Amino acid sequence: MSAPALPQTPQPQTLHVVGAGLAGLAAATAAARAGVRVRLYEAAGHAGGRCRSFRDDKLDRVIDNGSHLVLGANRTALAYARATGGLEAMRPVAPRFPFHDLASGERWEVSPTRIPAGPGEILRALGLPWTRREASVAERLGSRRGFVRLWKPLCEAILNTAPEEASARMFAWTMRRALLGGAPALSPWLFPHGLSAALVAPALATLASYGAEIQFRRRLTGIECGRLLFEDGPEVLGEADRVVLALPPWAVAPILPGWIPPLPTRTIVNAHFRLEAAVALPGGAPFLGLVNGFGHWLFPRGDVLSVTVSAAEPLVDRPADAVAAVLWGEIARVLGRDPAAIPPVRVIKERRATLAHDPATLPRRPGPETPLAGVMLAGDWLRSPWPCTIEAAISSGLDAARWALGRPALVFGP
Ligand SMILES: Cc1cc2nc3c(=O)[nH]c(=O)nc-3n(C[C@H](O)[C@H](O)[C@H](O)COP(=O)(O)OP(=O)(O)OC[C@H]3O[C@@H](n4cnc5c(N)ncnc54)[C@H](O)[C@@H]3O)c2cc1C
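Note that UniProt numbering gives residue 223 to position 223 of the sequence shown, counting from 1, and the numbers run on in steps of one.
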């Protein structure tokens, strides 16, 4: 991040964090553990934002808004989970990515020693030789042997943007972090008990144990003259107080008029099917990548099988039962089930899951500074080498706490 001017006061009286998504939870956690008084405000009745679990009445199960995965290369996210105790609810698995081709039925596996691409295209994916700023992933890799089996699914999963429009430069940066870090960097970490058990509930418990005040159902509508204006009344800021707005761009825009440029977003659709018994994927794999269909990744958890569709604009306007039918048809092919016997299902469309990671949008992302003294932004969408991910959100929250406390070396815990 570009270094904003550090405040004069080394120890603010209270850090006010607005937004209890992962960026806000990270800022609040780092500050509270450093001994700072923290107040966290959240518009919804729960924390977690775009990364959360909830009990679904139709399925009678706890499900996530969408299946998430982090890699070993996401070091700040793992440090946050370690510091709050959430890491215990995460499971590292071997860096093996099984795939199934829905068109041909072929199966293969990608691992650090088995990459279905030639050396030349791996160098291109890593950004060598030099990549033009405007280049898309498809322009760079679309004609290469590994495009359908490797680069396209990785691009959709990591950038949530179709390869025809996704930034080749950002893709190359993420590939360098993942592929050049060896097996530990490529190892996926899963959420077998759900996202909240690992990334949300432990942070809330940590905050409570450090005496932080957490207020739900408080929607910020403006900031003026040393006051945070919430729908239900103002909060007066002390002179030494600092504010972190850990909000998505569409929530910041009305609060800081004219400050946030247009930032197009992309959709992720998840369908969660409740089967009659615990489900296993072929070979007992913890997840399965799909190509040549609508569905992209299958994640089993007990008797719930979830399918994720990234860059899901082609599906998003279809009715939920039509989406479920298409996706179950694909699952039925993989698992040898009856495509007509669609199990109970919940379809979740996150229309603003991430920014569009394209060469026109990325340079427009603002940094963390705002025109208001003592007020800073945090969130996955701010300027960063990372795409909108858990890692980007948590890193930006930590950066905001560092700024607020005037402690550039602050970490989540000992
Ligand atoms: C379906 C899906 C799948 C994903 N998969 C992955 C993955 O596999 N790996 C990965 O790394 N990332 C993934 N991501 C991205 C990841 O979830 C996000 O990058 C991250 O959760 C963003 O956190 P945040 O705190 O920046 O924003 P948010 O989660 O949007 O948090 C903002 C918070 O502010 C609150 N708020 C909004 N307006 C106001 C207001 N006016 N006043 C007070 N509070 C307000 C919101 O309710 C919310 O709680 C996925 C996202 C989705 C949606």
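Just so you know, even glycine gets a beta-carbon here, dropped at the ideal spot from N, CA and C. Quick caveat, the model's predicted, so the values are computed rather than measured.
{"Asked": "Which residues share a DSSP beta bridge with residue 265?", "Found": "355"}
{"Asked": "Should residue 68 be counted as a contact of ligand 1 given a C-beta to heavy atom distance under 7 Å?", "Found": "yes"}
{"Asked": "Can you find a heavy atom of ligand 1 that lies under 7 Å from the Cβ of residue 220?", "Found": "yes"}
{"Asked": "Taking the DSSP output, what are the residues bridged to residue 375?", "Found": "243"}
{"Asked": "Give me the Cβ distance between residue 267 and residue 316, rounded to the nearest whole Å; I'm assuming they're in contact under 8 Å.", "Found": "5 Å"}
{"Asked": "CB of residue 80 to nearest heavy atom of ligand 1: below 7 Å?", "Found": "no"}
{"Asked": "Looking at C-alpha atoms only, which residue of 265, 185, 244 is the closest neighbour of residue 436?", "Found": "An answer regarding residue 436 cannot be provided, because it is not within the stretch 1 to 414 covered by the chain."}
{"Asked": "Look up residue 115 in the DSSP assignment and say whether it is helix, strand or coil.", "Found": "coil"}
{"Asked": "Report the residue from 191, 214, 57 whose alpha carbon sits nearest the alpha carbon of residue 46.", "Found": "214"}
{"Asked": "Between the beta-carbon of residue 352 and the beta-carbon of residue 250, is there less than 8 Å?", "Found": "yes"}
{"Asked": "With a floor of 3 residues, list each beta strand (DSSP E) that falls wholly inside the stretch 186 to 254, ordered by position along the chain.", "Found": "188 to 190, 213 to 215, 220 to 224, 227 to 230, 233 to 236, 242 to 245"}
{"Asked": "Tell me where the beta strand (DSSP E) around residue 321 begins and ends.", "Found": "Segment 320 to 335 is the alpha helix (DSSP H) holding residue 321; no beta strand (DSSP E) there."}
{"Asked": "Using the Cβ count rule (16 or more neighbours within 10 Å means buried), how would you classify residue 216?", "Found": "exposed"}
{"Asked": "Which partner residues of residue 291 appear in the DSSP bridge assignment?", "Found": "101"}
{"Asked": "Report the residue from 305, 30, 273 whose alpha carbon sits nearest the alpha carbon of residue 77.", "Found": "30"}
{"Asked": "According to DSSP, is residue 23 helix, strand or coil?", "Found": "helix"}
{"Asked": "Decide if residue 225 is buried, meaning its Cβ has at least 16 other Cβ atoms within 10 Å, or exposed.", "Found": "exposed"}
{"Asked": "From the DSSP output, read off the bridge partner residues of residue 303.", "Found": "DSSP output for residue 303 lists no bridge partner at all."}
{"Asked": "On a Cα-Cα basis, can you pick out the residue from 388, 93, 411, 394 that is closest to residue 170?", "Found": "388"}
{"Asked": "With DSSP collapsed to three states, give me the class of residue 161.", "Found": "coil"}
{"Asked": "Using alpha carbons as the reference points, say which of 21, 398, 400, 28 lies closest to residue 416.", "Found": "Since the displayed the chain opens at 1 and closes at 414, residue 416 lies outside it and no answer follows."}
{"Asked": "What is the C-beta distance between residue 198 and residue 86, in whole angstroms, given that I count them as a contact (C-beta under 8 Å)?", "Found": "4 Å"}
{"Asked": "One question on the structure: do residue 247 and residue 66 come within less than 8 Å of each other, judged by their Cβ atoms?", "Found": "no"}
{"Asked": "Assign residue 402 to one of three DSSP states: helix, strand, or coil.", "Found": "helix"}
{"Asked": "Residue 172 to residue 234, Cα distance in whole Å?", "Found": "45 Å"}
{"Asked": "Flag this pair as touching only if the stretch 126 to 139 and the stretch 149 to 168 have three or more C-beta atom pairs under 8 Å; answer yes or no.", "Found": "yes"}
{"Asked": "If you drop the 5 nearest sequence neighbours on each side, which residues of the same chain put their C-beta closer than 7 Å to that of residue 332?", "Found": "338, 339"}
{"Asked": "Going by beta carbon distance, what residues of the same chain come within less than 6 Å of residue 253, once the five residues before and after it are set aside?", "Found": "260"}
{"Asked": "Less than 8 Å between the C-beta atoms of residue 150 and residue 124, yes or no?", "Found": "no"}
{"Asked": "Compute the distance between the beta-carbons of residue 327 and residue 271, then report whether it is under 8 Å.", "Found": "yes"}
{"Asked": "Any heavy atom of ligand 1 closer than 7 Å to the beta-carbon of residue 22?", "Found": "yes"}
{"Asked": "Does the distance from the C-beta atom of residue 195 to that of residue 68 stay below 8 Å?", "Found": "yes"}
{"Asked": "Straight-line CA distance for residue 95 to residue 178?", "Found": "11 Å"}
{"Asked": "With burial defined as no fewer than 16 other Cβ atoms inside 10 Å of the residue's Cβ, what is the status of residue 239: buried or exposed?", "Found": "exposed"}
{"Asked": "Ignore the nearest five residues each way along the sequence and tell me which others in residue 99's own chain have a CB closer than 8 Å to its CB.", "Found": "107, 108, 109, 110, 149, 153, 288, 289, 290, 291"}
{"Asked": "Could you give the first and the last residue of the continuous beta strand (DSSP E) run that contains residue 54?", "Found": "53 to 56"}
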